[in-house]
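Protein chains in written order, with my numbering: chain A, 1 to 597; chain B, 598 to 864.
The beta carbon of each residue, even a glycine, is placed where N, CA and C say it ideally should be.
If you're wondering where the values come from, they're calculated on a predicted model, not measured in any experiment.
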């Protein structure tokens, strides 16, 4: 034990206990504080993003409705409280950018990963704590830059989170927000990329180099594997988006034409650009953009597997198959990005080439789902807020994944591309599923992070509203798409879209109710943080190292100056003849093996 | 709570399937020669995806119902065949399904994109710009005159930048704000964007193709039903995106000839 501690010490970048307020809470080097900072930022971004979606949904249901108080927020965007067409697109762009980057990437990966990855491998901290601190502050700067675009003269960009060129590259001449709005967007996302690169380096190094004695790679919990795989993806995917953002900024401020071809005419004027390629942006963006979908969802898969194992009270069917499947998803995610571009004018042969890996990626996804479902069989499933959200994740991931069957086929894509079918698909499979992963993680780890329990009754109410609500919102999106309803329309003015307006209104009401349900979560989070019941040492009777720390929350050096030694894989549940039916990873007692028929 | 969730999953599954089965919000009917292949592909996928969706959600609900609330003394069981069975099932069932869908889908895709347009197809050029479509017919000489971007002027309605004084081929070109085509004749649509990205989408025609600034793209199709349909833009192009549309009128050949003559007279 002593040797192990010594050995681990020699690798650890140990920093002393912080004493000043600034080092403790602001420019902290402690991975746990940084994890909480990421979580806090994601929480703010999520509620702003949700507020924006409420405004969008109200406008889509009742286009001429005056929304009380909105004029004070934006005089030009909502004169008299009625959202203008450009303001709708600006709200939409900001909703998507906030949610994709600052919530779905940040919370399950950067927030929980920062907090728990070092603890789960038995380390004191990340190897590069200063980089870790910078990763948060650079990301947070990106968040502030993005939010600042609400306050520049013509508001944020209206180009959609995909920021397709040349709409995004030509400047203010293409519409409100297309000047400074785009530049600020590109700076914000560029900063975000830098933050993720710092974070990914730390995650990879921590996993490979900071594991405590006995913690072989195959003894890592699902979450650690998921964060490790995600960080490798982050390193490669964000490294492509960042230069793309730089080139976009140069097209604005330096007179370059990376994404703009010659002879474009706007307002009767030939634009002063020549020689660029508009499809280049799409290739760069989606080379990042598709792996990004998996960057958002693989940590959720890890969290679901982690939470489920503890609540099924038995190991999942196969630790290795699940990890290999997540790895296969990561590798394949780079080979499928062209399915976003089937009708983009890309060579139609390329569309077929991209179609097959897109269909094949269904196989590892199916294996992951079948492993979860097969593991449910014969389990002693415990129901709590965390396990409910994990089960909800499975349901959402199945539904959203299945609509991927349609979109993977170029021929069907001709009909449903750029319609609400796509919006329904990615919201279920990526957004709602990932949010459910975040919720499952929050309910599960809150006792460790804050030393208090969350209220279970409120958690269950939150789950049921979210589960039913998400289906009420996003399932009808598929019907809209099949009827040819184009996305990113601020009003349905086409004749063939008129019969769909009542369905839009139904969705709006569902979105308002489901959003209100999220306020229960916020209340529960804040109330429990201060007044929740004190958490027992290991409330879920789980095996992994985060439950072996001397206190909740753990001390600054996680294990009180010693290092745990790991004797088991993390799936020691359902043990024969044991009263507690589980063995901690750090427990030296021998494993009698699971009590399975 | 678990049983409530199981019931909700089943209710949601049934409720989700009903509008699809009942065609409550139907896809606009197909009016094209190639569209049946896309529709068949869609029905086939819907059937297979529907079965997967319903079966997996119901199994999930049943497992949640049965295995929640079991006592610590209840025996744990392993799914027959374990992980190996799951991997085989995924490869065999899903693998076969996706490859079959992929192969048949490739045929439908090929019908739209891999066959060249007929030599006698009606040539029409469409130009997309913020936030309108304009169409150009080559006139009796069968030739489109060259485009001079510097001459594009909406005030004088020179939408394509034609020099009808000096360019012989431009003199008889017919520019319209609506798209008229003859029924049952192939149309070869030449696509260009004036400014930013746009898209040409007619749901009934089963055609959607982006306009890419700087690239000359084309699609070809045959409309089989006389009528008036909407052409809409599906690529975000700015604040007027939602309102960027034009009408497509499919006419009998004599009606089309008359229409084109009238439009020529208006030039």
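Cα-Cα separation, residue i to residue j
i	j	result
residue 738/B	residue 171/A	40 Å
residue 130/A	residue 94/A	30 Å
residue 578/B	residue 364/A	In the structure as shown, chain B starts at 598 and stops at 864, and residue 578/B therefore has no counterpart that could be examined.
residue 181/A	residue 332/A	34 Å
residue 31/A	residue 220/A	19 Å
residue 473/A	residue 379/A	32 Å
residue 829/B	residue 745/B	26 Å
residue 145/A	residue 667/B	52 Å
residue 733/B	residue 752/B	18 Å
residue 850/B	residue 735/B	17 Å
Interface flag, residue i vs chain B, CB-CB below 8 Å
i	result
residue 541/A	no
residue 373/A	yes
residue 418/A	yes
residue 205/A	no
residue 263/A	yes
residue 224/A	no
residue 12/A	Residue placement at residue 12/A is flagged as unreliable, the pLDDT there being 46, under the threshold of 50; a coordinate-derived value is accordingly withheld.
residue 116/A	no
residue 394/A	yes
CB contact flag (residue i, residue j, <8 Å)
i	j	result
residue 303/A	residue 112/A	yes
residue 66/A	residue 80/A	yes
residue 600/B	residue 662/B	yes
residue 521/A	residue 427/A	no
residue 285/A	residue 192/A	no
residue 328/A	residue 288/A	no
residue 319/A	residue 571/A	yes
residue 234/A	residue 295/A	yes
residue 412/A	residue 692/B	no
residue 431/A	residue 134/A	no
residue 609/B	residue 420/A	no
Proximity winner among the options, relative to residue i (alpha-carbon distances)
i	options	result
residue 175/A	425/A, 86/A, 573/A	86/A
residue 796/B	783/B, 816/B, 784/B, 781/B	816/B
residue 445/A	27/A, 525/A, 323/A	525/A
residue 391/A	403/A, 376/A, 401/A, 402/A	376/A
residue 783/B	802/B, 791/B, 765/B	802/B
residue 781/B	627/B, 818/B, 726/B	818/B
residue 383/A	584/A, 313/A, 248/A, 336/A	313/A
residue 96/A	592/A, 133/A, 82/A, 147/A	147/A
residue 699/B	277/A, 242/A, 409/A	409/A
residue 323/A	228/A, 48/A, 106/A, 258/A	228/A
residue 355/A	404/A, 325/A, 372/A	404/A
residue 178/A	543/A, 155/A, 71/A, 490/A	155/A
residue 202/A	373/A, 457/A, 123/A	123/A
residue 758/B	676/B, 777/B, 607/B, 791/B	791/B
residue 554/B	639/B, 694/B, 631/B	The requested residue 554/B is not part of the displayed model; chain B covers only 598 to 864.
residue 457/A	480/A, 443/A, 450/A, 186/A	443/A
residue 44/A	106/A, 72/A, 475/A, 90/A	106/A
residue 370/A	397/A, 385/A, 357/A, 496/A	397/A
residue 258/A	119/A, 151/A, 247/A	247/A
C-beta neighbour in chain A for residue i, strict 8 Å
i	result
residue 764/B	no
residue 642/B	yes
residue 599/B	yes
residue 829/B	yes
residue 664/B	yes
residue 757/B	no
residue 791/B	yes
residue 605/B	yes
residue 660/B	yes
residue 770/B	no
Short CB-CB distance (under 8 Å) between residue i and chain C
i	result
residue 619/B	Although the question refers to chain C, the structure presented lacks it and instead comprises the protein chains A and B.
Where the stretch 667-687 of chain B meets chain A: residues whose CB sits under 9 Å from a CB there: Here the close residues are 667, 668, 669, 671, 672, 673, 674, 675, 676, 677, 678, 679, 680, 681, 682, 683, 684, 686, 687.
Members of the stretch 646-658 of chain B near chain A, C-beta cut-off 8 Å: Per Cβ criterion, the list reads 646, 649, 650, 653, 654, 656, 657.
Chain B contacts made by the stretch 458-480 of chain A, where a contact means CB separation under 9 Å: Of all residues in the stretch 458-480 of chain A, only 460, 463, 464, 467, 468, 471, 472, 475, 476, 478, 479, 480 place a beta-carbon less than 9 Å from a beta-carbon of chain B.
Under 9 Å (Cβ pairs) to chain A, residues found in the stretch 696-710 of chain B: Answer in chain order: 696, 698, 699, 701, 702, 703, 704, 705, 706, 707, 708, 709, 710.
Interfacial residues, the stretch 832-850 of chain B to chain A, with Cβ spacing under 9 Å: Cβ contacts with chain A come from 832, 833, 834, 835, 836, 837, 838, 839, 840, 842.
Chain-ordered residues of the stretch 396-410 of chain A with a beta carbon less than 8 Å from chain B: Those residues of the stretch 396-410 of chain A that come within reach of chain B (Cβ to Cβ, closer than 8 Å) are 398, 399, 402, 403, 405, 406, 408, 409, 410.
Residues in the stretch 622-638 of chain B having any Cβ partner in chain A nearer than 8 Å: Those would be 622, 623, 624, 625, 634, 635, 638, in chain order.
The stretch 212-245 of chain A: positions lying closer than 8 Å to chain B by Cβ: Of all residues in the stretch 212-245 of chain A, none has a Cβ within less than 8 Å of some Cβ in chain B.
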